[in-house]
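Report on the structure given below.
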Amino acid sequence: MRAHPRAQGVRSAPEAGPPGHRPVGLASATVSLTVVRPGLIEISRAEGVKESWPSCSLLECAGFRVLVDLGHPKEDPDLLLSALRAQGLEPADISAVLFTHLHPDHIGHKELFPDALFVFHQDERLAFYFEGDRTLRLEGSAVLELSPDTFSHPRVSEEWPALQALGQHVYVRHFPGHTPGSLAVFACVGGQVHALAGDIILNRDCGERVTPPGSSWKPHLIPDQMRLIAARADVVVPGHGAPFECRRSRTRERHRRVADRGRAGPAQTEKTW
Ligand SMILES: [Zn+2]
Numbered sequence: 031m032r033a034h035p036r037a038q039g040v041r042s043a044p045e046a047g048p049p050g051h052r053p054v055g056l057a058s059a060t061v062s063l064t065v066v067r068p069g070l071i072e073i074s075r076a077e078g079v080k081e082s083w084p085s086c087s088l089l090e091c092a093g094f095r096v097l098v099d100l101g102h103p104k105e106d107p108d109l110l111l112s113a114l115r116a117q118g119l120e121p122a123d124i125s126a127v128l129f130t131h132l133h134p135d136h137i138g139h140k141e142l143f144p145d146a147l148f149v150f151h152q153d154e155r156l157a158f159y160f161e162g163d164r165t166l167r168l169e170g171s172a173v174l175e176l177s178p179d180t181f182s183h184p185r186v187s188e189e190w191p192a193l194q195a196l197g198q199h200v201y202v203r204h205f206p207g208h209t210p211g212s213l214a215v216f217a218c219v220g221g222q223v224h225a226l227a228g229d230i231i232l233n234r235d236c237g238e239r240v241t242p243p244g245s246s247w248k249p250h251l252i253p254d255q256m257r258l259i260a261a262r263a264d265v266v267v268p269g270h271g272a273p274f275e276c277r278r279s280r281t282r283e284r285h286r287r288v289a290d291r292g293r294a295g296p297a298q299t300e301k302t303w
């Protein structure tokens, strides 16, 4: 497998959302996804984690820009700034930051975005690392309250129509496991489903081996979550690695080749969430 170029700066026509989704707002809006900075993790047996920073991705719709995760607090903030500037953006251009979870390595340099809405799952407030740490108080944040449905949208406030427009292409699913409030973001861009998996899938190797990250709250829940993401996504943007094509893409490609040879193969299925 290889890093998938379509994860970089692709625009889409409007797509249908997941079952039960009612599109709201700007019907003609398009969405783009840019991996601003692919994540990385280097672990050695002797030294543990040697180097680590999270993937930082940008979703944009109708001028509303959402970053998914930020950076490691120990890093030079200029690394994040220059990655944004390479996209022609300054922190003031960012409308919201959605955190896949609130482990400290994903929320570094949030002070660069004083005007952005910070969004995270409500169950992260229950996590041990949130207690007593003032740096984790995200004043003015919106908390996602996801319904217990299999697929659900964040409840967004009426005053954010652009965020509702983004919801035609993007949905968020709660995957408690790595942390109590871990999220994955699914975005349909250019006819392909991209999963921003956070640390549910650390990198391609962990995804292929179905290996949960070591520092997880309930690691036994994660393998099923990894399989569900792989089954639904064409491209995975992992929490600490470069984007990669996943099983769903390969299966579809196999079906296409069979169909091309004129043999009876499984019917090409329409995109499903
Ligand atoms: Zn992480």
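Going left to right, the sequence shown walks through residues 31 to 303 as my numbering numbers them. Even for Gly, the Cβ is constructed at its ideal location relative to N, Cα and C. From a predicted model like this one, the values you see are computed outputs, not experimental measurements.
Here I124 has R95, L97, F143, A146 as same chain residues with Cβ atoms under 6 Å from its own Cβ, once five neighbours each way along the sequence are excluded. Straight through space, the alpha carbons of V219 and T60 are spaced by roughly 9 Å.
In the assembly as shown, I73 is an exposed residue. Its beta-carbon has fewer than 16 other beta-carbons within 10 Å. Looking at the DSSP output, C218 sits in a beta bridge with V223. Linking S112 to S212 through their CA atoms gives a straight-line distance of about 27 Å.
By the Cβ test, the segment 114-124 is not in contact with the segment 245-262, since fewer than three Cβ pairs between them sit closer than 8 Å.
Going by beta carbons, G237 and I231 fall inside the 7 Å limit.
Taking 7 Å as the cut-off, the beta carbon of V215 is found no closer than this to the beta carbon of S85. For A260, the secondary structure class from DSSP, reduced to helix, strand or coil, is helix. A heavy atom of ligand 1 is found nearer than 6 Å to the CB of P84.
DSSP places S82 within a strand segment (E or B) once states are collapsed to three. Put simply, of S82, M256, L226 the residue whose alpha carbon is nearest the alpha carbon of P103 is S82. Assignment of H151 by DSSP, reduced to helix, strand and coil, places it in the strand class. In the three-state reduction of the DSSP assignment, A146 falls in the coil class.
In this chain, L109 is not harboured by any beta strand (DSSP E); it is covered by the alpha helix (DSSP H) spanning 107-115. With fewer than 16 other Cβ atoms inside 10 Å of its own Cβ, S245 counts as exposed. One Cα belongs to F148, the other to T130, and the distance between them is close to 11 Å.
For the pair R239 and F274, the CB atoms are not nearer than the 7 Å cut-off. Under the three-state reduction of DSSP output, A126 falls in the strand class. G221 is classed as exposed because its beta carbon has fewer than 16 other beta carbons within 10 Å across all chains shown.
DSSP lists G228 as the beta-bridge partner residues of P268. By DSSP's assignment, C91 forms a beta bridge with V61, F94. Residue pairing from DSSP places H204 in a beta bridge opposite L213.
In the DSSP assignment, E238 falls outside any beta strand (DSSP E) and lies within the alpha helix (DSSP H) extending over 234-239.
DSSP places L70 in the uninterrupted beta strand (DSSP E) bounded by 70-74.
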